[in-house]
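> Structure provided below as structure tokens; questions to follow.
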Amino acid sequence: MTCCCCPHSADAGRLFSRLARRYRRRYQRAGLEASQRQLIEGLRRAGFEGRTLLEIGSGVGYLHQLLLEAGARRAVGIELAEAMIVEAREQASARGLEGRTEYHAGDFTDLADTLAPADVTILDKVICCYPDAERLVHCSLAKTRRVYAFTLPRNRWYTRLGVGLIASGMRLIGSRFRPYVYDPEHIARWVTAAGFRMSFEAKTLVWLTRIYTRGDPEAERRLPSRLVSAADDVGRCTEPTQAGG
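Here's what the structure looks like:
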């Protein structure tokens, strides 16, 4: 079967590899974005200390590395851009975190079946960069025990306009990467159907951040295998489905 997301993912990896050093320098100069500060506050309320993290679209690594320094136990980062992985490993080593971090380059939906579940899954501005949101969400839910966190563009006319302009620019330069604005209520239905409830929401002018939790410890121990089965019902991670949104 032809992978509908492969050309997009390959071009996304090349694009963000070219931006890796810029991302690192921007963080070193200005720190976290407002939406990322909101995300960390939501994770603090949900509880991440002593937990394992899975960050999909982990970039140069500073978000999960901050959480490790604040008490998270271990983090796995998945990133399309090889240069981002290089930067993340260098930063982890400089911060003394190399023994608590693990990085994989590639499309998460292709790698998902090889990864262990995590307590906390983070998708910071990642769902909006993937052409099949439903597949990405279901595959990532199948790897999440307790906390599911994401930030994506607000579904407003001005974000749709801006994202449309970026998509036009990508077409002009011959890139198959496209950004998307998805309806957050569609995503909410997929997440709550997996047994999570929304525990935190915050907004900036452009970004929407939501944290979902599953709070019953006994249920947490029972649910991972059922979540994998549920993901299989809607489309295995190894078999692409029609792009959502």
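The numbering of the sequence shown is the UniProt record's numbering, which starts it at 1 and goes up by one. Where is the CB? At the ideal position from N, CA and C, for every residue including glycine. Only a predicted model underlies this, so the values are computations on that prediction, with no experimental measurement involved.
#1: Starting from the Cα of G50, find the closest Cα among D183, V120, G61 and R25 and give me that residue.
#2: Roughly how many angstroms lie between the CA atoms of A37 and S175, to the nearest whole one?
#3: Could you tell me if D124 is buried or exposed, where buried requires 16 or more neighbouring beta carbons within 10 angstroms of its beta carbon?
#4: Is the region 158 to 168 touching the region 134 to 146, taking contact as three or more C-beta pairs under 8 Å?
#5: Helix or strand or just coil, what does DSSP make of Y212?
#6: Among I127, E102, R100 and S93, which residue has its Cα nearest to the Cα of T109?
#7: Below 8 Å on the Cβ atoms is my guess for residue 246 versus P153; work out the distance and round it to an integer in Å.
#8: Using 8 Å as the cut-off, can you tell me whether the region 42 to 49 makes contact with the region 80 to 91, which would need three or more C-beta pairs spanning the two stretches below that distance?
#9: Pick out whichever of C129, A20, A194 and G77 has its Cα sitting closest to the Cα of L111.
#10: Does D124 come out as helix, strand or coil in the three-state DSSP assignment?
#11: Go ahead and label S168 buried or exposed: buried means 16 or more other beta carbons lie within 10 angstroms of its beta carbon, across all protein chains shown.
#12: Count the other C-beta atoms from every protein chain shown that fall within 10 angstroms of the C-beta of T114, then say buried if there are 16 or more, exposed otherwise.
#13: Sort out for me which residues DSSP pairs L54 with in a bridge.
#14: Which residues in the same chain as R178 place their Cβ atom closer than 7 Å to its Cβ, once the five residues preceding and following it in sequence are excluded?
#15: Work out the CA separation of M84 and R21 for me, nearest whole Å.
#16: So the alpha helix (DSSP H) T159 belongs to, where does it begin and stop?
#17: With DSSP run on the structure shown, which of helix, strand or coil describes E33?
#18: Please classify R29 as buried or exposed, where buried requires at least 16 other C-beta atoms within 10 Å of its C-beta.
#19: Can the beta-carbon of T213 be found closer than 8 Å to that of A118?
#20: I need the DSSP call for T103, collapsed to helix, strand or coil.
#21: Alpha carbon to alpha carbon, what distance is there between Y180 and T209?
#22: When DSSP labels each residue in this structure, what does A20 get in the three-state scheme?
#23: Assuming I187 contacts A133 (C-beta within less than 8 Å), just tell me the rounded distance between them.
#24: Quick check on E98: buried or exposed, where buried means 16 or more other Cβ atoms within 10 Å of its Cβ?
#25: Thinking R74 and R100 are a contact (beta carbons under 8 Å), I'd like their distance in whole angstroms, please.
#26: Just how far apart, CA to CA, sit L67 and E201?
Based on what the coordinates show:
#1: V120
#2: According to the sequence displayed, residue 37 carries Arg and not Ala. Whole-angstrom Cα-Cα distance: 31 Å.
#3: buried
#4: no
#5: strand
#6: I127
#7: With the chain running from 1 to 245 in the structure shown, residue 246 is simply not present.
#8: no
#9: G77
#10: strand
#11: exposed
#12: exposed
#13: V76 and T121
#14: H8, P131, A167 and M170
#15: 8 Å
#16: W157 to L172
#17: coil
#18: exposed
#19: no
#20: Note that residue 103 corresponds to Tyr in the displayed sequence, not to Thr. Strand, per DSSP.
#21: 16 Å
#22: helix
#23: 7 Å
#24: exposed
#25: 5 Å
#26: 19 Å
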